[in-house]
Amino acid sequence: MRVPVSWLEEYVDIDVSVEELAERLTLAGLEVETIEYIGLPQADLPWDPERIVVGEVLGVQPHPNADRLVLVEVDYGGNETELVVTGAPSLLDHEGETDLHLKVAFALEGSCLYDGHAEGRTTMTLREVKIRGVSSRAMVCSEKELGLSEEQVDILYLPDDAPVGKPLVDYMGDAILEFDIKGPFAHLNSVVGIAREAAALLDVPLHRDALEVLDRHPAELVPNPDFLFLDIADPDLCPRYSAAFIANVEVKPSPFWMQMRLRRAGVRPINNIVDVTNYVMLELGQPLHAFDYALLKPRPGEERPAIIVRRAEPGEQMKTLDGQVRTFDGDMLLITDGSGPVAVAGVMGGEESEVSRETVNVLLESANFDYLNVRRTSRELGLNTESSQRFGRRVDPDLTARAAARAAHLMAELAGGSVAPAIGDLYPGRKPERVIDFDPGYVARILGVEVPREEVERILRSLAFQVSERPEGQTLRVQVPSHRRDVTRPIDLVEEVGRIWGYDRFPVTLMRDELPPQRENARLEGAERVRDVLTGCGLDEVITYSLVSLADEARLHPGEPMPVPEDYLQLRNPLSSEQDTLRQTLLPSLLDTTRRNLRFVDRVAIFEIGRVYRPVEEGVLPEEPRRLGIVITGPREERSWLDHQDRTWMDFFDMKGIFEALISRLGLEGAFKPAEQAAFHPGRCARVRVNGREVGLMGEIHPLAREAFGLPEQPVCALRCDLDELLASWGAPRKMTPLSTHPPVYEDLAVVVDQEIPASRVRDLIVQAGGALLRSVALFDVYRGAQVGADKKSLAYRLTYQAEDRTLTDHEVAEIRSSIIQELEDGLGATLRS
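Right under this line is the structure:
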C-alpha cells in the first residue's frame, strides 16, 4: 500500500523527518518497504526551488519560422515575463490568444530535468538555445520531464489557485511510503489507519474530519429508504449493507488534487464518481461501488430499483467491469437487482450498471462481506482487486455508513449533485461491544519495563480504545473499537502498549541465570552433517514448497493409475490448484526445480532435506518423516579451456559415488541391490541399504517421466532416501585403527565368475578370507568377452596387505592369497584368470 505523506499530514501533524517516521512505523509493526521521493532533495531528480516554479501562461504567439511551434509568454514571479518556444499540442490550440491564465510547471535556465524526448530517464540541464531562429532559455514542463510519469504527452497544467512563483517542490513535492502490511489488519490498509498509528507514536492528536462526516451531515439510517428496495438474503455472508443516493451529478474528470493523490497511491484516475469511491477506499479502508441508478431494475410490480444480496445460482453468469463473462457457483455471493446480478460481492462490479458520462443519478454501495467468502470467490474467478484484498483482511462493518456518507458528500461537492437525507442500511450481523478488564501493572510483568499508567492510558486512547477506570481503581475498563477484531485478551493490549511505547526503548540487560547446559540434538546435527557432506560433493541445497498437485505425483509414475486423493492430505482452501496437496516425496519438486534451472545452466546437481506428509488412519495429525532427495544431470565436468573432447553425462554411477561418499563420511556401510520402480529406468535402478537397513531408492529417471516433467533428452539421476533411517546408525562409536609404520604389500587379483554374481559379493568374500592383514580391496576392472566365456565376467581387484607390527613376508602374503582364492572357489565357483 502506498501512502503519500502529504495526504497523511491532513490527519496528523508530523514533526519528524520522513525517514524517522518510516523507522518508527516499521518498529511498531507497520513495515515501510520503500520511500519514494517526488521533487524533494532526496529524490533522483530534485526540483531546484530557485529554478523550477509555478508559472502562468499569459499568451501564445505564432512562431515566425515554424508551424508546429509557438512562443509562450510566462509569468513566473520575476521582474519580467519570459518568452519560451514550445511545441506542446494543447498550447498550439491557443495560438494567437493574449489573455490566458493557465498555470503550469515552469523551469528556468540551469534547471536539471529529464529529457522528454529520450528513451527512459536521461537527465539534461536547461541551457539557452535558438530554436528556428528564436532564443529560448526556459521551459513549460511535462510530467515526464519532472519525473512524474514515463509518458511525454503534453505539459502539466496546475489548478487555477496555484500561486505564481512558488517553488514547485513546495507546491507538489512529496514523499510516498510504501507499506507491506501482513496479517488480517484491514484497519491499517487506509490513510486514516496509518495516521492513527502515527498520531499514537508521535503523541499528537488525530484530525478526525473524515470520520465525523455523519456528525456534520446528519443522515437517518433506514432499512427501507424511498429510493431503494434493500434485502440481504444471506446475512451469514453479508453482515451489513449500506446504500446512499446522489442525484443530478455531472460525470467529469476529477480535480487535480484528487488525481495526483490517486496516482501517487497507485490508482489510475477515471472520472469524479469512480475516483471518489477509490479515494474514500484508500482514505478509510472501506471498499465502495457506484451504480448508475437508472440502470438498476426493480422487482416485478415495483417502481423502486432493488438491491438483493444473495448466493449465486450454480452456473449463473455476468459480465464484469473488465469485459469478461464470469460463471458463478452456488457458494459465491452476488449483488443483484430485480432482473439479475449487477456485481460480485466484494470483488468487482458488473458492466451493465457501470457509471458512464451519461450517468445522472448514482447509487453508492458501502457494504461488508464475509472475508473468507471474498477470498475464495476472488481466487476462483482469478480476480484480485483492491476491494477483494481489503475485504479479505476483515473490514470493520461499523465503517459502512460513515464511508457512504463521506463519499456521497464528496460526490456532491465534486459532481454538483445532492445527497438523499437518508441512507439505506441493513445490519443483521451486528456484534456486541467487547470490553476487557485490564490491569496496567500487567504491562510491566509481561514486558519487563515500567510504563507509567498515564502513558498506558494515553497509548490505548490514541489507538481508539475507550478507557475508563473501574470503581475499585486498580483496573481499567477498556472498550475495544470495532475495527480491532484482533484484540480479545489483556495480552493483546500489552502488545499494543509495547509496540507504541517502542521496543527500541527497552533497556539492554544480561540474563540473570546461568545458561542451561547444552545438550546434543542428534536429529539436527545429523541433518547438518549430511548437508556438509553433500555440499562438499559439489551439490547445491534447495528448499521447495511442501505443496504439490496430484498431477505432479502422476507424472512421476508414467503408466500407473492416477493417485487416489484419499491417500493424500489435501487443502480445503488452497491458494492455487497447483498447490493443493501435501507431498509424499521430494522428487516432483526437485525435478521441477531442475527443469527451471536448466533454462539457464547446462549442469544441475541439487539436494533437499525436507518433510513429507502421510495421513494416519485414526490420527488427527499426519506423519511427517524427514526425507533426503538428490537430482543430478548434465556434463560430468565443468566446461574449461582444458576440454579437448566432448564431455560425458553424469549417470547412475555418479549418483552412486555421491551416496557412497555420503555414507563413508558418516562412518556407515552401504550396499546396492538391483530394483524395478515405475519412476526409474529399467536396469538402472537400485535399492540402497545402509548398515543392513533399506533406506531408499536411486537410479536414472524413466524416459517417460523425464519427458512428463519437460526435462531434456539426457540422463537425469535421482535418489530418494529416508533420512531418519539413514541416520539411525549414525553417531555410534567407531573403532579407529592406528596408521602402520611398516610398508604395505600391493597385489592384483583377477577372478572369473558367473555374470549374475554382483561384484559386492565377491568383495565381501575377499574381505572375509583376507582377515586383519588385508587392509583394502578396490575393484579396478570389469571385463566381459570371448576370452572369459559366455555368461562370465572378469573382476580385477587391487589388494593391499599390511601389518601394524612388522613387515609382511612373501610367505605370509602367499598364504593369505591362497585362502582368498580357495574361499572364492568354494563359495562362488570362481576361477583365477590366467
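In this text, residue positions in the sequence shown follow this note's numbering: the first is 2, and each later residue adds one. Virtual Cβ for every residue (Gly too), placed ideally from N, Cα, C. If you're wondering where the values come from, they're calculated on a predicted model, not measured in any experiment.
Own chain residues within Cβ distance below 6 Å of residue i, not counting five before or after
{"i": "residue 399", "result": "483"}
{"i": "residue 74", "result": "59, 60, 82 and 84"}
{"i": "residue 245", "result": "365, 405, 409 and 424"}
{"i": "residue 167", "result": "55"}
{"i": "residue 488", "result": "481"}
{"i": "residue 116", "result": "123 and 125"}
{"i": "residue 248", "result": "362, 418 and 419"}
Close Cβ partners of residue i (< 8 Å) along its chain, the five nearest in sequence each way excluded
{"i": "residue 471", "result": "438, 477 and 478"}
{"i": "residue 225", "result": "231 and 425"}
{"i": "residue 156", "result": "87, 89, 91, 92, 105, 106, 141, 142 and 143"}
{"i": "residue 730", "result": "669, 691, 692 and 694"}
Reference residue i; option with closest CA among the options
{"i": "residue 185", "options": "390, 709, 587 and 744", "result": "390"}
{"i": "residue 242", "options": "728, 229 and 12", "result": "229"}
{"i": "residue 40", "options": "86, 781, 177 and 716", "result": "177"}
{"i": "residue 707", "options": "694, 633 and 767", "result": "633"}
{"i": "residue 507", "options": "462, 448, 342 and 488", "result": "448"}
{"i": "residue 18", "options": "469, 175 and 417", "result": "175"}
{"i": "residue 726", "options": "628, 651, 135 and 796", "result": "628"}
{"i": "residue 296", "options": "253, 363 and 332", "result": "363"}
{"i": "residue 543", "options": "601, 498 and 631", "result": "631"}
{"i": "residue 164", "options": "68, 54, 264 and 247", "result": "54"}
{"i": "residue 1", "options": "564, 340, 152 and 552", "result": "In the structure as shown, the chain begins at 2 and stops at 835. Residue 1 is therefore absent and cannot be evaluated."}
{"i": "residue 609", "options": "701, 139, 724 and 667", "result": "724"}
{"i": "residue 45", "options": "108, 113 and 220", "result": "113"}
{"i": "residue 180", "options": "558, 195 and 611", "result": "195"}
{"i": "residue 816", "options": "783, 772, 831 and 787", "result": "772"}
{"i": "residue 368", "options": "357, 355 and 349", "result": "349"}
{"i": "residue 770", "options": "788, 356, 823 and 759", "result": "823"}
{"i": "residue 258", "options": "111, 160, 201 and 755", "result": "160"}
{"i": "residue 411", "options": "530, 696, 210 and 560", "result": "210"}
{"i": "residue 187", "options": "271, 127, 219 and 282", "result": "282"}
{"i": "residue 441", "options": "421, 427, 435 and 468", "result": "468"}
{"i": "residue 386", "options": "539, 267, 145 and 594", "result": "267"}
{"i": "residue 397", "options": "434, 510, 414 and 256", "result": "434"}
{"i": "residue 127", "options": "49, 233, 635 and 524", "result": "49"}
{"i": "residue 785", "options": "776, 834 and 810", "result": "834"}
DSSP-derived helix/strand/coil call for residue i
{"i": "residue 271", "result": "coil"}
{"i": "residue 702", "result": "strand"}
{"i": "residue 534", "result": "helix"}
{"i": "residue 378", "result": "helix"}
{"i": "residue 140", "result": "strand"}
{"i": "residue 390", "result": "helix"}
{"i": "residue 606", "result": "strand"}
{"i": "residue 125", "result": "strand"}
{"i": "residue 781", "result": "strand"}
Whether residue i touches residue j by CB criterion (7 Å)
{"i": "residue 423", "j": "residue 214", "result": "no"}
{"i": "residue 408", "j": "residue 289", "result": "yes"}
{"i": "residue 86", "j": "residue 70", "result": "yes"}
{"i": "residue 575", "j": "residue 568", "result": "no"}
{"i": "residue 547", "j": "residue 584", "result": "yes"}
{"i": "residue 753", "j": "residue 795", "result": "yes"}
{"i": "residue 802", "j": "residue 763", "result": "no"}
{"i": "residue 207", "j": "residue 217", "result": "no"}
{"i": "residue 722", "j": "residue 701", "result": "no"}
{"i": "residue 661", "j": "residue 692", "result": "no"}
{"i": "residue 710", "j": "residue 556", "result": "yes"}
{"i": "residue 66", "j": "residue 133", "result": "yes"}
Proximal residues to residue i (C-beta, below 7 Å), its chain only, five neighbours per side dropped
{"i": "residue 182", "result": "2, 31, 189 and 190"}
{"i": "residue 158", "result": "103, 104 and 105"}
{"i": "residue 47", "result": "40 and 41"}
{"i": "residue 637", "result": "648, 649, 650, 651 and 655"}
{"i": "residue 352", "result": "320, 321, 322 and 324"}
{"i": "residue 326", "result": "318 and 320"}
{"i": "residue 136", "result": "129"}
{"i": "residue 495", "result": "443, 444, 447 and 448"}
Heavy atom of the ligand NAP within 6 Å of residue i beta-carbon
{"i": "residue 767", "result": "Within the structure as shown, the ligand NAP is missing, as the structure has no ligands at all."}
So, does the stretch 613-622 touch the stretch 687-702, judging by three or more C-beta pairs under 8 Å?
Result no; under three Cβ-Cβ pairs closer than 8 Å.
Validate contact between the stretch 451-466 and the stretch 372-379 using beta carbons, cut 8 Å, 3 pairs
Between the stretch 451-466 and the stretch 372-379, the count of Cβ pairs shorter than 8 Å is below three; the stretches do not touch.
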